[in-house]
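The sequence shown begins at 40 in our numbering and counts up one residue at a time. Below is one structure; the comments refer to it alone.
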Amino acid sequence: MLAASYLLALLAILLAWPVPVALSHARWTSRSPFAAMVLWQSIALAGGLSMIGAMLVYGLQPLGDNLLQAIGRAASLVLENKSSDELQFWHLFALCAAALLGTHLVFTLGLTYARITNQRRRHRELLEVLSLPSGAIERTLVINHPAPVAYCLPGGSRSVTVLSDGLVEALSPGELAAVVEHERAHLTQRHHLLLWAFEAWRQALPWLPTSRLSREAVSSLVEMLADDVARRTAPDDVLVRAIALVAVGSAGAATDPAEASLESSRVTGTPGTPGDGEASVAARLSRLLTPQPQLTAAQTTAVLAASGLMLAVPTVLLLAPGLLS
């Protein structure tokens with residue numbers, strides 16, 4: 040078990056710094072946003088599992104030859120209110136750290152969900168005052184805003200797409216259809232759940248490179264995934280014009296108090312809106328203006344296999360000794 044704890048610690052270090060840094064500079068991710076998204080999720084999950092697992096295994100290793108046996112003995116000691124001379128200071132410290140980190144991650148996930156839910160509720164209340172239903176587009180609201188703005192507001196059966204009248208006036212019918220298709224892709228593919236999970240990860244461990252880089256990468260990748268859906272019904276040049284116009288218009292958006300309240304309560308970033316960074320917009324435009332070939336089936340399979348292996352390694356290190364005993 041001691042060797043497993045060291046290997047888990049090494050894996051945690053790799054997934055906390057060099058691996059996410061290398062992936063953040065990789066150029067292939069825009070060629071297969073889905074595969075890249077899966078890989079980022081694996082890095083985050085495997086990194087968290089490795090961090091907690093390393094401390095847990097180290098702390099419990101004096102109590103048994105494998106993790107399952109050690110957990111069973113630790114539970115009996117707690118239930119019978121007994122002490123163990125085998126557990127030294129550093130073992131207890133590791134167990135406390137594992138418990139605190141695990142609790143912190145779960146608590147932050149719940150806190151982030153509550154915060155986002157409240158933001159969406161307030162946002163929806165503002166929309167009831169500041170928007171009108173679009174007569175031409177189903178489940179779409181239009182706000183009185185001179186700048187081209189488009190985003191989606193998740194809410195299950197109450198999910199809506201929000202457009203500004205400045206956007207409706209500035210875009211051609213084809214460009215407007217591409218933007219609406221993009222926003223609906225965010226809703227149908229549940230991108231807000233991915234953003235929630237990675238935002239919670241960043242809030243929980245803001246000092247960790249993985250949390251910051253993964254949040255930035257996922258924000259850009261969900262936009263590319265939605266772009267790919269819009270590309271099925273609109274030519275690339277139409278989508279490029281729409282993205283560029285929304286990006287330029289949002290940069291000079293008005294600062295009316297009511298509109299500012301809407302902007303501050305918005306949860307999901309969408310094409311060219313203030314939540315969408317300049318680097319993300321540039322990357323999206325670049326892949327549309329100079330299309331690159333998608334990853335081959337073999338390359339995609341390799342990325343997905345690496346993602347699965349990344350999750351399997353810490354799981355095996357934690358469970359295999361118990362299964363083999």
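Just so you know, even glycine gets a beta-carbon here, dropped at the ideal spot from N, CA and C. Small disclaimer: the values here were computed from a predicted structure and weren't measured.
Three-state secondary structure (DSSP) of residue i
i    : result
P101 : helix
V199 : strand
P332 : coil
L106 : helix
R229 : coil
E302 : With a pLDDT of 43 at E302, under the threshold of 50, the modelled position of that residue is not reliable, and no figure is offered here.
A136 : helix
A297 : Any reading at A297 needs caution, since the residue's pLDDT is 43, under 50, leaving its predicted position unreliable; the model's value is listed next. In the structure shown, A297 sits in a helix (DSSP, three-state: H, G or I).
E167 : helix
V77  : helix
I176 : coil
R66  : coil
D275 : helix
P59  : helix
Boundaries of the beta strand (DSSP E) in which residue i is found, first to last residue
i    : result
I182 : 179 to 182
S170 : 170 to 172
A189 : 189 to 192
Residue j beta carbon less than 9 Å from that of residue i
i    : j    : result
Q331 : L233 : no
D204 : H225 : no
R163 : R197 : yes
A239 : T339 : no
P72  : V342 : no
M40  : Q100 : yes
L324 : L50  : no
V58  : T249 : yes
A217 : L278 : yes
S63  : L244 : no
Q187 : L169 : Per the sequence shown, residue 187 should be read as Pro rather than Gln. No, the pair does not count as a contact, with Cβ atoms beyond the cut-off.
L389 : L106 : Shown here, the chain extends from 40 to 364; a query on residue 389 therefore has no answer.
Among the options, the one whose alpha carbon lies nearest that of residue i
i    : options                : result
W129 : G98, L148, A337        : G98
F237 : A345, L95, I155        : I155
L284 : L116, V355, A114, E208 : E208
G86  : L278, L144, A153       : L144
S123 : G141, G103, I91        : G103
T272 : G213, P57, A55         : G213
L328 : V58, A281, E177, L49   : A281
H230 : W246, R254, L348, A217 : R254
G174 : R161, G194, V201       : V201
E222 : R70, V199, W235        : V199
S319 : T354, V257, Q333, A351 : V257
R159 : P193, L215, R70        : P193
L46  : L358, A359, P353       : P353
L348 : I82, A48, A61          : I82
Delimiting residues of the alpha helix (DSSP H) encompassing residue i
i    : result
A42  : 41 to 55
A209 : 204 to 209
S258 : 248 to 269
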